[in-house]
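S.K.: Take the sequence shown: its letters are residues 251 to 465, numbered as in the working numbering.
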Amino acid sequence: MTAVEEKFSLTEVLSSFKACLEKENQDVLMDYYISGWKGLVRFMNSLGAIFSFVSKDAVSKIQIMEAFRKSSSGDQYRSLQSMVAYELKAKLVDLNKRAEHSNSGCRTILRLHRALRWLQLFLEKLRTSTENSKTSVLCTEAYNDSLANYHPWIIRKTAMVSFYALPARNTFFEVMNVGSIEDVVTMLGEAMPYVSQVYDITQQLYAQHNLLDLP
Ligand code: 1PZ
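Here's what the structure looks like:
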């Protein structure tokens, strides 16, 4: 194991979502949002190659957002709030059908935002699970209550099959690299409210601007 890999723990990943929230006005800061997602992808990759079809999609969405951030209009993408205001004002969002702005920041973040709901449900189930709980069942339930509603049949099918390859509960807790099971439960109890806050603020922002169904 290299030094970098050794340092990796889910605690750090989730702390990005805490860092996301700007103190004064509750803006969701893009750079931390992106770095949270990068950490989640790393974590997912450590679970095995079977999830590469998921991480490839997440990575491509992260790259779209990084490119916006590095572009000449990068400052407009400082927060999710500034992105929404800028893209809507400049008419950079395809509202009904994907056309010339097929990869807007707004529609790209919406996909990650929906996936964050899955993460929230799944980690909450894991936190409150018992020794006999099956990660594949917890994951399937979380998926059916969130992302599945937006995925076509073929992706749902592929996702469901891949869930059977999830490591058992104990191994899952170990891969998080946080400490004992009790430590993981404590850490999740502390960190998840921040993830929920980021989720809720984003949800409200998108609802307010009628962006929750972007194609
Ligand atoms: C821990 C085990 C990982 C389980 C992951 C559970 C989520 C399964 C999601 C399957 C998504 C598969 C691939 C691509 C889907 C895309 O079509 C959609 C819509 O994007 P569009 O086609 O409109 O551009 N993409 C998404 O819904 C975003 C999916 C991101 C998933 C990230 C999961 C994060 C995992 C963190 C692990 C701790």
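Positions of the beta carbon are idealized from the N, C-alpha and C atoms, including for glycine.
1) In three-state DSSP terms, what is L271?
2) What does the alpha-carbon distance come out to for the pair A253 and K273?
3) So, with DSSP's three-state summary, where would you put K384?
4) For L462, count the other beta carbons within 10 Å of its own beta carbon; 16 or more makes it buried, fewer makes it exposed. Which is it?
5) Out of C389, I431 and T358, state which residue places its alpha-carbon closest to the alpha-carbon of E316.
6) Confirm, please, whether the CB-CB distance from S396 to F413 is below 8 Å.
7) Whose C-beta lies closer than 6 Å to the C-beta of M333 among residues of the same chain, with five residues either side of it excluded?
8) So what's L416 in DSSP terms, helix, strand or just coil?
9) Buried or exposed, going by whether 16 or more other CB atoms sit within 10 Å of the CB of M251?
10) Note the first and the last residue of the continuous alpha helix (DSSP H) segment covering F303.
11) Provide the residue span of the alpha helix (DSSP H) that contains F258, from first to last.
12) Could you name the residues that DSSP lists as bridge partners for V278?
13) Confirm, please, whether the CB-CB distance from A392 to F372 is below 8 Å.
14) Using a Cβ-Cβ cutoff of less than 7 Å, which residues in the same chain neighbour S446 once the five nearest sequence positions on both sides are dropped?
15) Strictly by DSSP, which residues pair up with S329?
M.R.: With the given structure in hand:
1) Working through the sequence shown from its first residue, we reach residue 271 at position 21. In this structure, L271 counts as strand in the three-state DSSP scheme.
2) Locating residue 253 in the sequence shown gives position 3, counting from the first residue. Locating residue 273 in the sequence shown gives position 23, counting from the first residue. Low confidence applies here, because A253 scores a pLDDT of 47, under 50, leaving its location unreliable and the question unanswered by this model.
3) Start at 1 with the first residue of the sequence shown, and residue 384 comes out as number 134. Looking at K384 - three-state DSSP - the assignment turns out to be coil, as it is neither helix nor strand.
4) Indexing the sequence shown from 1 puts residue 462 at position 212. Using a 10 angstroms sphere on the CB of L462, the tally of other CB atoms stays under 16, which defines it as exposed.
5) Against the sequence shown, residue 316 aligns to sequence position 66. Looking from the CA of E316, the closest CA among C389, I431 and T358 belongs to T358.
6) Working through the sequence shown from its first residue, we reach residue 413 at position 163. Working through the sequence shown from its first residue, we reach residue 396 at position 146. Their beta carbons are not under 8 Å apart, which means F413 does not touch S396 by this criterion.
7) On the sequence shown, residue 333 is found 83 positions in, with the first residue counted as 1. Excluding five sequence positions before and after M333, the CB atoms of its chain that fall closer than 6 Å to its own CB belong to Y327 and G355, given in chain order.
8) Position 166 of the sequence shown, counting from 1, holds the residue named residue 416. Three-state result, L416: coil.
9) Numbered from its first residue, the sequence shown carries residue 251 at position 1. Legend: pLDDT at M251 = 47, less than 50; position of this residue unreliable, no value from coordinates given.
10) The residue given as residue 303 occupies position 53 in the sequence shown. S302 to K320 is the span of the alpha helix (DSSP H), which, as asked, contains F303.
11) As a working mapping, residue 258 is identified with position 8 in the sequence shown. Element bounds for F258: n/a, residue is neither H nor E.
12) Translated into positions along the sequence shown, residue 278 becomes position 28. Answer by DSSP bridge pairing, in chain order: L271.
13) Indexing the sequence shown from 1 puts residue 372 at position 122. Indexing the sequence shown from 1 puts residue 392 at position 142. Cβ atoms of F372 and A392: closer than 8 Å.
14) Counting from 1 along the sequence shown, the entry for residue 446 is found at position 196. Within its own chain, the residues whose Cβ lies closer than 7 Å to the Cβ of S446, once the five positions on either side in sequence are excluded, are Q370, listed in chain order.
15) Working through the sequence shown from its first residue, we reach residue 329 at position 79. DSSP, once it has assigned bridges, lists L279 as partnering S329.
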